[in-house]
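Numbering (the UniProt record's numbering), first residue to last: 1 to 304.
Report on the following structure.
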């Protein structure tokens, strides 16, 4: 594999670390995940959910911390090693570890966040990867791109959504160039900015099985998924706005979501999946689901 790489441990050859760290799908058995304590959790009006909630209530940091501990326990009970970013007092959205970086099969990509309130999140993320000797395969510098819009769908296929609100087409193209160089297929999917991130309306629940807000996505996207032999569990607009699509596969037909997503949980179980369902309503109030709160660092490879 020929590519200019930034090796955070200073080594010229990062290949041994790449073997340990990386993901080539959204459903390989999850071994390591990156989280961040919400001890400085707060809201500023940078999305429609928060704007509405700020007129009704304020975030409860103690409740968020307790609910985050339940998420941590759920991962550990399912054999996942949990790693943590160093929380910073001024980075109140830092617990949404999904957006600031993206693990790839070749190391971590450092992403370009849209809002100035979140730009500083790149620093503790780079510090973390440096401390673990994890190579950085890309530092985004064109447009903006956030991890909630990225799906490492399956070996050989990456899907990136863009609305212009968080991820721009230019940012998506820079990120996916990394995959094209390695022979992966790339699908760029536009969607309305109302939904903030792609993971509000689409995510992989298991191998060749996706949760999709069929009320919203265009028929062409459904046709594309069918061509890729990805079956669809339909999710309604109401379920999607309650973060019903926002799940994380643990691999081996296990999937994590929030306990409040009862109707979606029934659909997942009907597919034979084991559902792990911690309860974290304090994050849901601010528009964050389990996919938002996690960055998979290592999955068992499922590449042919």
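No residue lacks a Cβ here, since even glycine has one placed at the ideal position from N, Cα and C.
Predicted model only: the values in this text are computed from it and were never measured.
Cβ shell of residue 49 (< 7 Å), same chain only, five flanking positions each side left out: Because the pLDDT at residue 49 is just 48, under 50, the model does not fix this residue reliably, and the value given afterwards should be weighed accordingly. 286 and 287, listed in sequence order.
Jot down the residue ranges of each uninterrupted alpha helix (DSSP H) in the region 169-230, minimum 4 residues, whole runs only, in chain order. 169-181 and 219-227
Buried or exposed: which applies to residue 134, given that a residue is buried once 16 or more other Cβ atoms fall within 10 Å of its Cβ? buried
Under the three-state reduction of DSSP, which class applies to residue 293: helix, strand or coil? coil
Quick one: grab the DSSP three-state call for residue 102. Strand at residue 102.
Counting only the same chain and skipping the five closest in sequence on each side, list residues whose C-beta sits under 7 Å from that of residue 252. 29
Is residue 281 helix, strand or coil when you go by DSSP? Helix.
If you check the beta carbons only, do residue 264 and residue 256 fall under 9 Å apart? no
If you compare alpha carbons, which of 112, 200, 222 and 272 is closest to residue 174? 112
Classify residue 252 as helix, strand or coil using the three-state DSSP reduction. coil
Looking at C-alpha atoms only, which residue of 136, 156, 161 and 142 is the closest neighbour of residue 148? The candidate whose alpha carbon is nearest that of residue 148 is 161.
Residue 93, enclosing beta strand (DSSP E) - first and last residue: First-last for residue 93: undefined, no H or E at that position.
By alpha-carbon positions, which one of 155, 199, 230 and 206 ends up nearest to residue 216? 199
Have a look at the DSSP bridge pairing and note the partners of residue 344. Since the first and last residues shown for the chain are 1 and 304, residue 344 lies out of range.
Proximity to residue 92 [Cα-Cα], best of 68, 78, 290 and 40: 40
Between which two residues does the beta strand (DSSP E) containing residue 72 stretch? Taken as a continuous stretch (DSSP letters only), residue 72 belongs to no beta strand (DSSP E), being part of the alpha helix (DSSP H) at 61-77.
Taking C-alpha atoms, which residue in 115, 101 and 232 lies nearest to residue 164? 115
For residue 145, which three-state DSSP category applies? coil
Compute the Euclidean distance between the alpha carbons of residue 271 and residue 154, then round it to the nearest angstrom. 19 Å
Let me know if residue 262 comes out buried or exposed under the rule of 16 or more other beta-carbons within 10 Å of its beta-carbon. Around the beta carbon of residue 262, fewer than 16 other beta carbons lie within 10 angstroms, which makes this residue exposed.
Three-pair Cβ contact test at 8 Å for the region 117-135 versus the region 94-108: yes
Assumed close pair residue 220, residue 211 - CB separation to whole angstroms, cut-off 8 Å: With 8 Å as the limit, residue 220 and residue 211 do not qualify as a contact, their Cβ atoms being about 18 Å apart.
Where do the ends of the alpha helix (DSSP H) carrying residue 20 lie? 15-20 is the span of the alpha helix (DSSP H), which, as asked, contains residue 20.
Return helix, strand or coil for residue 124, following the three-state DSSP convention. helix
DSSP puts residue 162 in a beta bridge; with which residues? 190
Roughly how many angstroms lie between the CA atoms of residue 238 and residue 191, to the nearest whole one? 17 Å
Does residue 268 come out as helix, strand or coil in the three-state DSSP assignment? helix
Beta strand (DSSP E) containing residue 274: first to last residue? Element bounds for residue 274: 274-276.
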